[in-house]
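J.:
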Amino acid sequence: MNDIILHHYASSPFAEKIRLILGAKGLAWRSVEIPWIMPKPDLVALTGGYRRTPVLQIGADIYCDTALIARVLDARSASVPLFPANRAAAVSVAELADRDLFAAAVAYVFQPAGFAALFQGMGKAQIDAFMDDRKAMRAGGSSRMAVPEALGQLHAWLQRISDHLADGRRFLVADSPTIADFSVYHPLWFVGRAPALATVLGRYPGVADWVTRMAAIGQGSSTPMTSGEALETARAARPADVEGHVWVDYHGCQPGDEVEIEPADYGIVPVRGRLVVSSAQRLSVARSDERAGEVVVHFPRVGYRMRKG
Ligand SMILES: N[C@@H](CCC(=O)N[C@@H](CS)C(=O)NCC(=O)O)C(=O)O
Numbered sequence: 001m002n003d004i005i006l007h008h009y010a011s012s013p014f015a016e017k018i019r020l021i022l023g024a025k026g027l028a029w030r031s032v033e034i035p036w037i038m039p040k041p042d043l044v045a046l047t048g049g050y051r052r053t054p055v056l057q058i059g060a061d062i063y064c065d066t067a068l069i070a071r072v073l074d075a076r077s078a079s080v081p082l083f084p085a086n087r088a089a090a091v092s093v094a095e096l097a098d099r100d101l102f103a104a105a106v107a108y109v110f111q112p113a114g115f116a117a118l119f120q121g122m123g124k125a126q127i128d129a130f131m132d133d134r135k136a137m138r139a140g141g142s143s144r145m146a147v148p149e150a151l152g153q154l155h156a157w158l159q160r161i162s163d164h165l166a167d168g169r170r171f172l173v174a175d176s177p178t179i180a181d182f183s184v185y186h187p188l189w190f191v192g193r194a195p196a197l198a199t200v201l202g203r204y205p206g207v208a209d210w211v212t213r214m215a216a217i218g219q220g221s222s223t224p225m226t227s228g229e230a231l232e233t234a235r236a237a238r239p240a241d242v243e244g245h246v247w248v249d250y251h252g253c254q255p256g257d258e259v260e261i262e263p264a265d266y267g268i269v270p271v272r273g274r275l276v277v278s279s280a281q282r283l284s285v286a287r288s289d290e291r292a293g294e295v296v297v298h299f300p301r302v303g304y305r306m307r308k309g
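Its first residue numbered 1, the sequence shown is counted upward by one per residue in the numbering used here.
#1: Return yes when the C-beta of Met131 is under 8 Å from any heavy atom of ligand 1, and no when it is not.
#2: Could you give the first and the last residue of the continuous alpha helix (DSSP H) run that contains Met137?
#3: At the level of alpha carbons, what is the spacing between Trp157 and Thr212?
#4: For ligand 1, which residues have a Cβ under 5 Å from at least one heavy atom, in chain order?
#5: So what does DSSP say about Gln57, is it helix, strand or coil?
#6: Check this for me: beta carbons of Val44 and Met225, under 9 Å apart or not?
#7: Nearest CA to the CA of Asp30: which residue from Asp3, Ser79, Val295 and Val80?
#8: Which residues does DSSP list as the beta-bridge partners of Lys17?
#9: Does the beta-carbon distance from Ser183 to Asp98 come in below 9 Å?
#10: Secondary structure at Ser162, three-state DSSP: helix, strand or coil?
#11: When DSSP labels each residue in this structure, what does Ile69 get in the three-state scheme?
#12: To the nearest angstrom, how far is the alpha carbon of Met214 from that of Ile261?
#13: For the segment 234 to 273, list the beta strand (DSSP E) runs that are entirely contained and at least 3 residues long, ordered along the chain.
#14: Name the residue from Val80, Asp289, Phe102 and Gly244 whose alpha carbon lies nearest to the alpha carbon of Gly192.
#15: At 4 residues or longer, what runs of the alpha helix (DSSP H) sit wholly inside the segment 156 to 213?
#16: Going straight from the alpha carbon of Asp128 to that of Leu118, what length do you get?
#17: Does Arg52 come out as helix, strand or coil in the three-state DSSP assignment?
#18: Does the segment 78 to 89 come close enough to the segment 35 to 54 that 3 or more CB-CB pairs lie under 8 Å?
#19: Could you check where the alpha helix (DSSP H) with Ala10 kicks off and where it finishes?
#20: Apart from the five residues just before and just after Arg307, which ones in its own chain have a Cβ nearer than 7 Å to its Cβ?
#21: Tell me where the beta strand (DSSP E) around Thr226 begins and ends.
#22: Quick one: using the 10 Å Cβ neighbour count with 16 as the cut-off for buried, is His251 buried or exposed?
#23: So within the segment 81 to 121, which uninterrupted alpha helix (DSSP H) runs reach at least 4 residues, ignoring any that extend past its ends?
#24: CB Asp42 to CB Ser284, shorter than 9 Å?
#25: Would you kindly report the start and end of the unbroken alpha helix (DSSP H) that includes Pro300?
#26: Is DSSP giving Ala146 helix, strand or coil here?
#27: For the beta strand (DSSP E) containing Asp289, list its first residue and its last residue.
#28: Within 10 angstroms of its Cβ, does Ala67 collect 16 or more other Cβ (buried), or is it exposed?
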């Protein structure tokens with residue numbers, strides 16, 4: 001009932017961020033493979049609309065976005081602390097990397113040599129479906145940058161990381177990896193999946209060594225679970241993570257108000273429910289689903305917007 005269930009697919013960089021955190025913390029997890037394009041009916045039954053990857057489930061608590069998932073896992077295991085209090089800047093580095101370095105890495109890989117690696121073994125119809133899905137996902141949100149811009153930004157990031165590591169430190173801000181390391185790592189891991197393009201990393205040997213160190217953390221131990229079993233697990237459980245959060249309100253909301261929450265950048269699908277957590281860092285709604293039962297869907301505040309009514 002308390003199992004850590006990760007809904008993800010192998011080639012997702014943000015999922016790799018979480019898989020590696022699970023590995024670093026030595027947490028056992030259940031692995032639900034989700035489609036990498038819409039429709040994702042079983043995932044959406046749990047989330048109420050949120051479609052991005054990955055999503056973490058613990059019983060009837062559903063956590064969206066790796067910024068929040070990382071905090072939940074950090075609360076679950078103190079080993080390899082992701083948010084050391086005396087290294088608060090790690091969070092800002094992570095947010096920047098999740099947004100800007102990720103955008104640059106994806107845009108850089110989205111060129112013929114990258115497609116060849118990414119779409120290996122796939123037919124034209126599947127590739128077209130993927131491209132259409134991502135175009136639709138970005139409608140009304142941020143668009144993908146052109147390859148030359150992406151390459152320029154990637155080099156700027158790599159140079160900065162290289163300079164930062166030049167004093168011989170093993171990880172970015174502490175003696176062990178923090179959220180900053182995991183967030184900087186996953187976009188570079190994605191570039192590494194396209195060998196013809198990954199040569200760009202070779203020009204920064206200090207970064208390449210750090211990437212090797214991060215990769216060695218591994219993904220911990222997981223056992224497969226079907227999406228049907230995950231839905232059953234949610235249905236059989238009661239949401240547990242709604243107590244003990246101090247109510248912090250900027251929207252004029254009371255507990256129980258009907259609200260909609262959605263990402264502010266892309267994949268903008270509102271999730272509707274009754275607001276049950278409104279804390280400094282988190283917004284959570286309770287909702288009822290025919291197949292998933294009574295669930296609570298949790299979002300980080302940063303990067304999301306909420307409407308009343
Ligand atoms: N801010 C989100 C971003 C997640 C994200 O963009 N994930 C990508 C995959 S790496 C995605 O959702 N792609 C579309 C999809 O999987 O349907 C997070 O940290 O979880």
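Backbone N, C-alpha and C define an ideal beta-carbon position, used for all residues, glycine too.
T.: In short, the structure shows the following:
#1: Not under cutoff, so the answer is no.
#2: Lys124 to Arg138
#3: 17 Å
#4: Qualifying residues, in the order they occur: Ser12, Pro13, Phe14, Arg52, Thr53, Asp65 and Thr66.
#5: strand
#6: no
#7: A quick correction: the sequence has Arg, not Asp, at residue 30. Closest option to Arg30, Cα to Cα, is Asp3.
#8: Answer by DSSP bridge pairing: none, since Lys17 is not bridged.
#9: yes
#10: helix
#11: helix
#12: 33 Å
#13: For the segment 234 to 273, whole beta strand (DSSP E) runs of length 3 or above, ordered along the chain, are 258 to 263.
#14: Phe102
#15: 179 to 192 and 195 to 202
#16: 13 Å
#17: coil
#18: no
#19: Careful: Ala10 lies outside any alpha helix (DSSP H) and carries neither H nor E.
#20: Val259 and Glu260
#21: It is not in any beta strand (DSSP E) - Thr226 carries neither H nor E in the DSSP assignment.
#22: exposed
#23: 89 to 96, 102 to 109 and 112 to 118
#24: no
#25: Not the alpha helix (DSSP H): Pro300 falls in the beta strand (DSSP E), residues Gly293 to Pro300.
#26: coil
#27: Arg282 to Asp289
#28: buried
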